[in-house]
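Trainee: Numbering (the numbering used here), first residue to last: 1471 to 1872.
1. Looking only at its chain, what residues have a beta carbon closer than 8 Å to the beta carbon of residue 1475, apart from the 5 residues adjacent to it on each side?
2. For the alpha helix (DSSP H) containing residue 1774, list its first residue and its last residue.
3. Going by DSSP, what residues sit across from residue 1863 in a beta bridge?
4. Please confirm whether residue 1563 and residue 1580 have their CB atoms less than 8 Å apart.
5. Which residue from 1815, 1624, 1711 puts its Cα closest to that of residue 1585?
6. Where residue 1605 and residue 1686 are concerned, what is the direct C-alpha to C-alpha distance, given to the nearest angstrom?
7. Can you check whether the C-beta of residue 1544 is within less than 8 Å of a C-beta belonging to chain B?
8. Give the DSSP-derived three-state secondary structure of residue 1727 in the structure shown.
9. Please classify residue 1716: is it buried, with 16 or more other beta-carbons within 10 angstroms of its beta-carbon, or exposed?
10. Using the rule of at least 16 other Cβ atoms within 10 Å of the residue's Cβ for burial, across every protein chain shown, is residue 1473 buried or exposed?
11. Taking residue 1553 as the reference, give the member of 1626, 1839, 1515, 1849 with the closest Cα.
12. In the DSSP output, which residue or residues are listed as bridge partners for residue 1675?
13. Could you name the residues that DSSP lists as bridge partners for residue 1787?
14. Just verifying my parser: in three-state terms, what is the DSSP assignment at residue 1740?
15. To the nearest angstrom, how far is the alpha carbon of residue 1767 from that of residue 1660?
16. Compute the Euclidean distance between the alpha carbons of residue 1712 and residue 1863, then round it to the nearest angstrom.
17. Starting from residue 1568, trace the alpha helix (DSSP H) in both directions and tell me its first and last residue.
18. For residue 1898, which residues from the same chain have a beta carbon less than 6 Å from its beta carbon, with the 5 sequence-adjacent residues on both sides left out?
19. What are the uninterrupted segments assigned as beta strand (DSSP E) that are 3 or more residues long and contained completely in the stretch 1491-1555, given in chain order?
20. Quick check on residue 1602: does DSSP put it in helix, strand or coil?
21. Between which residues of its own chain and residue 1636 is the CB-CB distance below 7 Å, once the five residues before and five after are set aside?
22. If we ignore side chains and look at the alpha-carbon of each, how far apart do residue 1830 and residue 1728 end up?
23. For residue 1726 versus residue 1826, is the C-beta distance shorter than 8 Å?
24. Quick check: the Cα distance between residue 1703 and residue 1853, rounded to an integer number of angstroms?
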């Protein structure tokens, strides 16, 4: 990521007409909302500068210091804006304390997104000159077209063998759109069906209605016909070894939301609570595994697996003494087999699938699934989760309560 020098940052502070800089005196009041809008707008880079935009906290409108204290908490709050799930897809940004014009300032540097349009709370924000506003129809079309010339992740690749008819219009209009966009945006009914699909990255563009991998996984009628490994295989094994008898099995397919719904129902049916009428004065029910921990690790598997170059599904093996969740594809990007599962170490092979999971309500914030699983297992009296990662797969292991 490009890092501006102090001289370049001070020049941006002085240029009050620049669409590459925004200044806030503090992070109080409604500034956190406006800060997220600014981050979203810089990520969209409508003027096509191909340069980072900068949000300054601790600067007045004229660029002079406001003497706002730059604390660790302030920097942490700004950093959380990247992964709290309100800006989708997640922006590439850095947060740092810089000494500019004789005072400390918090500097948020935002890279232009490879995957516009970027939304904040269901609205597409853009910035041209001193103006920050939601994108109109023409500006949204420009952002859709920009995406065609970027290096895209696999989840945005077109699938040439498919057509618009392979996508469910009912799911898109009745389930996905109301969750993805603010109500007042949806009331503007001037955008065509194809323009709406393109804005959500379900097809290549308004003029090229070829579905993307994301579109097929999110709202496809039968995504497994094309993406053959994009299902979950469940096995309940009566024993502790793969060679032991199988007491239940099911192949769980469909769109992402349908697949996860069916998987959760299956997992709940096997996670039966045991009635304890002895160790406490009142009866209590205890599940062998905390359901939120199983869910978080399953969502992680769906989000981080590789969909490219493999026909392997996600496999859930439920043994008598443990659950194993096998995810095809090893660690990605900043995550390695050595640092896998450590706090703060995360990267995203399928960032747009993450957006879909957030929109459908399966993910509330990014990068916290393993931490939530650890906490829930501890509360339930289970051992901590274990992970085995190599170049071809990641296995999450939940052990039963002693």
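C-beta atoms are modelled at their ideal positions from N, C-alpha and C, and glycine is treated no differently.
Mentor: Taking the coordinates as given:
1. Here residue 1475 refers to the residue found at position 5 of the chain shown. Cβ within range, chain order: n/a, list empty.
2. On the chain shown, position 304 is the one that residue 1774 refers to. Residues 1761-1774.
3. The residue labelled residue 1863 in the question sits at position 393 within the chain shown. Answer is 1798, bridged to residue 1863.
4. In the chain shown, counting from the first residue as 1, residue 1563 sits at position 93. In the chain shown, counting from the first residue as 1, residue 1580 sits at position 110. Yes, the Cβ-Cβ distance between residue 1563 and residue 1580 is below 8 Å.
5. Translated into the one-based positions of the chain shown, residue 1585 becomes position 115. Comparing Cα positions, the closest option is 1624.
6. Here residue 1605 refers to the residue found at position 135 when the chain shown is read from its first residue. Here residue 1686 refers to the residue found at position 216 when the chain shown is read from its first residue. Their Cα atoms are separated by approximately 26 Å.
7. Absent here is chain B; the protein component of the structure consists of one chain.
8. Along the chain shown, read from residue 1 onward, the residue named residue 1727 stands at position 257. The answer is helix: DSSP assigns residue 1727 an H, G or I state.
9. For the purposes of this step, residue 1716 is identified with residue 246 of the chain shown, where counting begins at 1. It is exposed - the Cβ of residue 1716 has fewer than 16 other Cβ atoms within 10 Å.
10. Here residue 1473 refers to the residue found at position 3 of the chain shown. So residue 1473 ends up on the exposed side.
11. On the chain shown, residue 1553 is found 83 positions in, with the first residue counted as 1. Cα-wise, what sits closest to residue 1553 is 1839.
12. The residue you call residue 1675 lines up with position 205 of the chain shown. DSSP, once it has assigned bridges, lists 1678 as partnering residue 1675.
13. One-based indexing of the chain shown puts residue 1787 at position 317. According to DSSP, residue 1787 bridges with 1705, 1794.
14. Position 270 of the chain shown, counting from 1, holds the residue named residue 1740. Of the three classes helix, strand and coil, the one that applies to residue 1740 here is helix, per DSSP.
15. On the chain shown, position 297 is the one that residue 1767 refers to. On the chain shown, position 190 is the one that residue 1660 refers to. The alpha-carbon atoms of residue 1767 and residue 1660 are separated by roughly 40 Å.
16. Taking the first residue of the chain shown as position 1, residue 1712 is located at position 242. Taking the first residue of the chain shown as position 1, residue 1863 is located at position 393. Those two C-alpha atoms are separated by around 18 Å.
17. Position 98 of the chain shown, counted from the start, is the residue given in the question as residue 1568. No alpha helix (DSSP H) holds residue 1568; the beta strand (DSSP E) holding it covers 1563-1570.
18. As displayed, the chain neither begins before 1471 nor continues past 1872, which places residue 1898 out of reach and without an answer.
19. 1491-1494, 1523-1527
20. For this step, residue 1602 is matched to residue 132 along the chain shown. In this structure, residue 1602 counts as strand in the three-state DSSP scheme.
21. Counting from 1 along the chain shown, the entry for residue 1636 is found at position 166. Counting only Cβ-Cβ distances below 7 Å, and skipping sequence neighbours, we find 1681, 1686, 1690, 1691.
22. The count along the chain shown starts at 1 and reaches residue 1830 at position 360. The count along the chain shown starts at 1 and reaches residue 1728 at position 258. Roughly 11 Å between the two C-alpha positions.
23. Start at 1 with the first residue of the chain shown, and residue 1726 comes out as number 256. Start at 1 with the first residue of the chain shown, and residue 1826 comes out as number 356. Yes; because the gap between Cβ atoms is below 8 Å, this pair is in contact.
24. Counted from its first residue, the chain shown places residue 1703 at position 233. Counted from its first residue, the chain shown places residue 1853 at position 383. Answer to the nearest angstrom: the Cα atoms are 25 Å apart.
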